[in-house]
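Asker:
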Amino acid sequence: MNQSAPNSFRQGPDNRGRFGQFGGRFVAETLMPLILEVEQAYNAAKADPAFMAEWRLLLKDYVGRPSPLWYAGRLTEHFRATAPEGKGAKIYFKREELNHTGAHKINAVMAQILLARRMGRKRIIAETGAGQHGVATATACALFGLQCVVFMGATDVERQQPNVFRMKLLGAEVRPVTSGAATLKDAMNEALRDWVANVHDTYYCIGTVAGPHPYPTMVRDFQCVIGEEAKVQMQEAEGRLPDVLVAAVGGGSSAMGLFHPFLDDPSVAMVGVEAAGRGMDTEEHAASLNRGRPGVLHGNRTYLLQDGDGQIIEAHSISAGLDYPGIGPEHSWLHELGRVQYVGATDSEALEQFQLCSKLEGIIPALECSHGLAHIAKLAPTLDRDKIILLNLSGRGDKDIFTVAKHLGVQL
Amino acid sequence: MSRIAAKFASLKAQGRGALVTYLQAYDPDPKTSLAIIRGLPGAGADIIEVGVPFTDPMADGPAIQRAAQRALKAGATLPGVLALVRDFRSGDATTPVVLMGYYNPILSYGIDRFCVDAAASGVDGLIIVDVPPEEADEIEPQAKAAGLDLIRLVAPTTDDARLPQVLRATSGFVYYVSITGITGTRSAAKDTLEEAIPRIRRFTDLPIAIGFGVRTPQQAAEAAAIADGAVVGTAIVDTLAASLDEQGHARPETMRLVLDQVRGLAEAIRGAAR
């Protein structure tokens with residue numbers, strides 16, 4: 001943490017795909033030429049106004065952007081009721097859960113599918129944990145008539161049956177991955193293995209701001225639409241910038257999408273909320289930044305949950321979307337610089353806020369963003385009433401009702 | 001001259017290619033693993049590749065993934081693997097040993113200390129699957145200083161523009177990945193290899209070994225004749241796995257079955273000597 005702050009937090013990565021010491025391209029030679037090709041194609045696409053215009057049009061007419069900014073008045077008042085005199089910040093939601101397919105994932109997926117088409121690829125592969133990225137990818141593939149194969153840990157296939165069925169309805173093949181612990185990290189291993197074996201016709205559509213360069217940058221750039229919109233909308237609503245941004249972090253795509261456009265606004269504080277599972281000091285959590293240390297996995301150097309011998313440890317979270325032992329490399333960098341604060345919220349804290357938000361706002365949030373809400377529950381009562389907190393409500397909770405019912409002991 | 005260079009020079013004089021065998025350290029347990037590795041040179045292996053177990057072997061097929069899981073369950077750690085090489089080295093001064101694995105365990109051990117300790121344990125070369133030339137400056141100086149060869153993978157997708165860059169960062173020998181894919185899933189046709197190897201030779205004088213998809217004695221003999229060596233991994237790991245009992249423990253015949261297979265491969269390569 002003893003590094004001097006850079007002039008801008010938004011200029012990374014360098015030409016090796018590094019944010020400070022994090023990121024890079026740690027892949028086998030078999031993959032290296034593919035990664036370089038994706039980088040080249042991405043650089044050309046983002047400089048092509050026609051490509052960006054096509055993506056923007058899809059975001060508007062197919063995804064339903066811009067997503068609204070919502071003042072969560074009832075939740076704000078709820079926390080004010082028990083807060084000390086004069087305390088209780090205003091809470092806003094950036095409503096990514098209203099996007100087509102129900103989460104922010106579709107933003108970057110639409111762009112990547114357009115990129116794959118530009119590259120002449122006919123077959124798309126993706127990894128998925130909770131199934132949100134898999135559903136988004138299957139959706140885009142259906143729209144463009146592309147073959148879609150989604151790798152999903154067998155454990156996740158079990159606990160996310162509705163999304164598995166959704167993907168199949170959309171015409172995708174869902175391949176349960178049984179290697180390792182059969183969760184998101186193993187799905188990513190398997191997708192990478194598939195990619196090397198099907199170099200010529202396949203594009204790997206990664207769902208988060210992790211993996212080898214250029215993925216962390218590319219997915220970030222496409223998710224930045226969240227923060228860019230929010231900045232404008234907040235000006236309209238309040239005439240100023242928010243004071244604190246809050247988002248849950250697994251791989252970290254929803255958080256990066258909200259945070260990045262604000263990184264050079266010093267008045268805006270940012271909090272990434274990791275899944276603390278059964279508790280940060282138990283062995284069952286997914287808090288890579290708070291309890292991990294730097295290492296190399298899935299093509300990038302970043303904070304990882306690992307044992308003393310460098311073997312990767314399984315993550316745990318009630319939310320399948322946060323159940324990953326690593327995090328995007330740019331988050332590791334922002335963590336070490338201290339620009340973003342990373343905290344944790346437990347399974348039970350998230351469950352509590354899942355229910356509270358449903359009852360008070362009429363919005364059933366995904367378990368992922370319920371972790372963000374859990375931090376807001378702690379933070380809002382400590383801030384003055386004129387302060388503004390903005391949460392990335394990155395997904396809707398319909399997919400989670402079975403998990404939540406089970407934890408509440410309700411038979412569906 | 002390094003053990004690797006000396007071995008290839010001596011085989012060249014004999015007019016044949018090298019048999020490079022691959023097994024994961026600690027598979028299925030440290031004692032059996034050491035016994036098999038000690039038996040390999042006698043069975044005809046010219047170079048021994050020792051796989052360093054890792055939880056997330058991205059470039060490996062199901063057979064080697066399972067081997068890694070067995071090894072980790074048996075308590076494999078990087079210091080343990082180095083100790084195994086030391087034990088082997090105490091009885092064999094000439095057979096080259098190459099460690100093949102992934103970067104994170106090395107990073108966790110500490111790059112500087114790892115290179116020094118590996119060399120002191122009798123390791124001759126490293127294949128770090130997920131460190132391409134683009135990232136090699138992280139470990140190259142330390143490996144060089146310790147006298148360790150950095151053996152690099154060249155793939156069918158490595159084009160002529162990229163090949164010199166990869167080869168510049170390679171020492172010891174070149175490991176040609178004969179298929180686009182993961183270990184042990186399919187095999188390359190002979191005529192594909194007959195085109196691929198001269199392409200690489202245009203850019204390097206280093207010996208070339210062909211791996212990923214070399215399974216049978218005949219394939220090994222062909223590969224060793226077309227290039228300078230054949231790497232057989234998955235096929236041997238499969239034999240080992242098939243010999244285990246229901247709990248995944250070694251049976252009395254495990255070692256014999258593995259070494260018999262190596263003998264078969266070695267005979268085929270010797271039979272095909274130029």
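Protein chains in written order, with our numbering: chain A, 1 to 412; chain B, 1 to 274. Even glycine gets a Cβ: it sits at the ideal position worked out from N, Cα and C.
Can you find a C-beta in chain A that's less than 8 Å from the C-beta of B/Met-100?
Answerer: No, because no Cβ of chain A sits closer than 8 Å to the Cβ of B/Met-100.
Asker: Taking A/Asn-163 as part of the alpha helix (DSSP H), name the residues at either end of that continuous run.
Answerer: Looking at the DSSP string, the run of the alpha helix (DSSP H) that includes A/Asn-163 is 161-169.
Asker: Using the DSSP secondary-structure output, state which residues sit across from B/Val-214 in a beta bridge.
Answerer: Paired residues: none, contrary to the question.
Asker: Touching or not, the region 136-150 of chain A and the region 161-173 of chain A, by the rule of three or more beta carbon pairs under 8 Å?
Answerer: Cβ pair count under 8 Å is three or more, so yes.
Asker: On the CB-based measure, 16 or more other CB atoms within 10 Å of its CB, does B/Gly-122 come out buried or exposed?
Answerer: The residue in question, B/Gly-122, is buried, as its Cβ has 16 or more Cβ neighbours within 10 Å.
Asker: Within 10 Å of its beta-carbon, does A/Gly-251 have 16 or more other beta-carbons around it, so buried, or fewer, so exposed?
Answerer: The residue is buried, with at least 16 neighbouring Cβ atoms inside 10 Å.
Asker: Taking any Cβ of chain A, which residues in the region 40-64 of chain B have a Cβ under 9 Å from it, in chain order?
Answerer: For the region 40-64 of chain B, which is checked against every Cβ of chain A, the residues closer than 9 Å are Pro-53, Phe-54, Thr-55, Asp-56, Pro-57, Met-58, Ala-59, Asp-60, Gly-61, Pro-62.
Asker: Find out if the Cβ-Cβ distance for the pair A/Pro-49, A/Glu-229 is shorter than 8 Å.
Answerer: No, the pair does not count as a contact, with Cβ atoms beyond the cut-off.
Asker: Using a Cβ-Cβ cut-off of 7 Å (strictly less than) and excluding sequence neighbours within five positions of A/Arg-18, which residues of its own chain qualify?
Answerer: Cβ neighbours of A/Arg-18 beyond the five flanking positions: Gly-24.
Asker: Can you say whether B/Met-1 is buried or exposed, counting buried as having 16 or more other CB atoms within 10 angstroms of its CB?
Answerer: Classification for B/Met-1: exposed.
Asker: Could you name the residues of the region 213-243 of chain B whose beta carbon sits closer than 7 Å to any beta carbon of chain A, in the order they occur along the chain?
Answerer: If the cut-off is 7 Å between Cβ atoms, the region 213-243 of chain B has nothing near chain A.
Asker: Since B/Leu-109 meets chain A, which of its residues come closer than 9 Å, beta carbon to beta carbon?
Answerer: According to the sequence as given, residue 109 of chain B is Tyr; it is not Leu. Those within 9 Å of B/Tyr-109 in chain A are Asp-309, Gly-310.
Asker: Residues in the region 172-183 of chain B with C-beta within 7 Å of chain A's C-beta atoms, listed in sequence order?
Answerer: Of all residues in the region 172-183 of chain B, Val-177, Thr-180, Gly-181, Ile-182 have a Cβ within less than 7 Å of some Cβ in chain A.
Asker: With 9 Å as the C-beta to C-beta threshold (strictly closer), list the residues of the region 154-174 of chain B near chain A in chain order.
Answerer: Per Cβ criterion, the list reads Val-154, Ala-155, Pro-156, Thr-157, Thr-158, Asp-159, Arg-162, Val-166.
Asker: Could you check which residue in A/Pro-216, A/Ser-288, A/Ile-125, A/Ser-253 has the C-alpha nearest to that of A/Cys-205?
Answerer: For A/Cys-205, the nearest C-alpha among the options comes from A/Ile-125.
Asker: Using the beta-carbon count (16 or more within 10 Å), is A/Arg-302 buried or exposed?
Answerer: Sequence check: residue 302 of chain A is Thr here, not Arg. Answer is buried; the Cβ neighbour count reaches 16.
Asker: With 16 other CB atoms within 10 Å as the buried threshold, where does B/Ala-268 fall?
Answerer: By the 10 Å Cβ count, B/Ala-268 comes out buried.
Asker: Give the secondary structure of B/Met-100 by DSSP, where H, G and I count as helix, E and B as strand, and everything else as coil.
Answerer: Strand, per DSSP.
Asker: Compile a chain-ordered list of the residues in the region 73-92 of chain B whose CB is closer than 7 Å to at least one CB of chain A.
Answerer: Correct list: Thr-77, Leu-78.
Asker: Answer yes or no: does any C-beta atom of chain A fall closer than 8 Å to that of B/Val-262?
Answerer: No, because no Cβ of chain A sits closer than 8 Å to the Cβ of B/Val-262.
Asker: Pull the bridge partners of A/Gln-306 from the DSSP assignment, please.
Answerer: Note: A/Gln-306 sits in a beta bridge opposite A/Ile-312.
Asker: Closer than 7 Å, Cβ to any Cβ of chain B: which residues of the region 19-32 of chain A, in chain order?
Answerer: Those would be Gly-24, Arg-25, Phe-26, Val-27, Ala-28, Glu-29, Thr-30, Met-32, in chain order.
Asker: Looking at the C-beta of A/Gly-122, does it have a partner C-beta in chain B at a distance below 8 Å?
Answerer: Note on residue identity: the sequence assigns Lys, not Gly, to residue 122 of chain A. Not closer than 8 Å to any Cβ of chain B, the Cβ of A/Lys-122 fails to qualify, so no.
Asker: Check for me: the beta strand (DSSP E) holding B/Thr-77 runs from which residue to which?
Answerer: Careful: B/Thr-77 lies outside any beta strand (DSSP E) and carries neither H nor E.
Asker: Can you list, in chain order, the stretches of the alpha helix (DSSP H) that have 4 or more residues and sit fully within the region 55-140 of chain A?
Answerer: Listed in chain order, they are 73-82, 105-118.
Asker: Quick one: what's A/Asn-392 bridged to in DSSP?
Answerer: According to DSSP, A/Asn-392 bridges with A/Lys-94.
Asker: Say whether chain B places a C-beta atom closer than 8 Å to the C-beta of A/Arg-16.
Answerer: Output row for A/Arg-16: interface = yes.
Asker: Is B/Val-131 near A/Thr-30, with beta carbons less than 8 Å apart?
Answerer: No, Cβ-Cβ distance for B/Val-131 and A/Thr-30 is not below 8 Å.
Asker: What's the C-alpha gap between A/Ser-267 and A/Asp-186?
Answerer: Cα to Cα, the separation comes out at about 40 Å.
Asker: Roughly how many angstroms separate the alpha carbons of B/Ala-189 and B/Val-214, rounded to a whole number?
Answerer: Roughly 10 Å separates the two Cα atoms.
Asker: Does DSSP put A/Asn-415 in a helix, in a strand, or in coil?
Answerer: Nothing about residue 415 of chain A can be read from this structure; chain A reaches only from 1 to 412.
Asker: Please classify B/Lys-31 as buried or exposed, where buried requires at least 16 neighbouring CB atoms within 10 angstroms.
Answerer: Classification of B/Lys-31: exposed, given that the 10 Å Cβ count is below 16.
Asker: Residues in the region 120-136 of chain B with C-beta within 9 Å of chain A's C-beta atoms, listed in sequence order?
Answerer: From the region 120-136 of chain B, only Val-129, Asp-130, Val-131, Pro-132, Pro-133, Glu-134, Glu-135 have a Cβ closer than 9 Å to chain A.
Asker: Given this structure, state the Cα-to-Cα distance separating A/Phe-151 from A/Met-256, to the nearest angstrom.
Answerer: About 24 Å.
Asker: Could you pull out every unbroken beta strand (DSSP E) segment of at least 3 residues lying fully inside the region 100-184 of chain B, listed in chain order?
Answerer: Whole beta strand (DSSP E) segments, 3+ residues: 125-128, 152-154, 174-177.
Asker: Counting only Cβ-Cβ distances shorter than 7 Å, please list the residues of the region 172-202 of chain A near chain B, keeping chain order.
Answerer: So the close ones are Ser-179, Gly-180, Lys-185, Asn-189, Leu-192, Arg-193, Val-196, Ala-197, Val-199.
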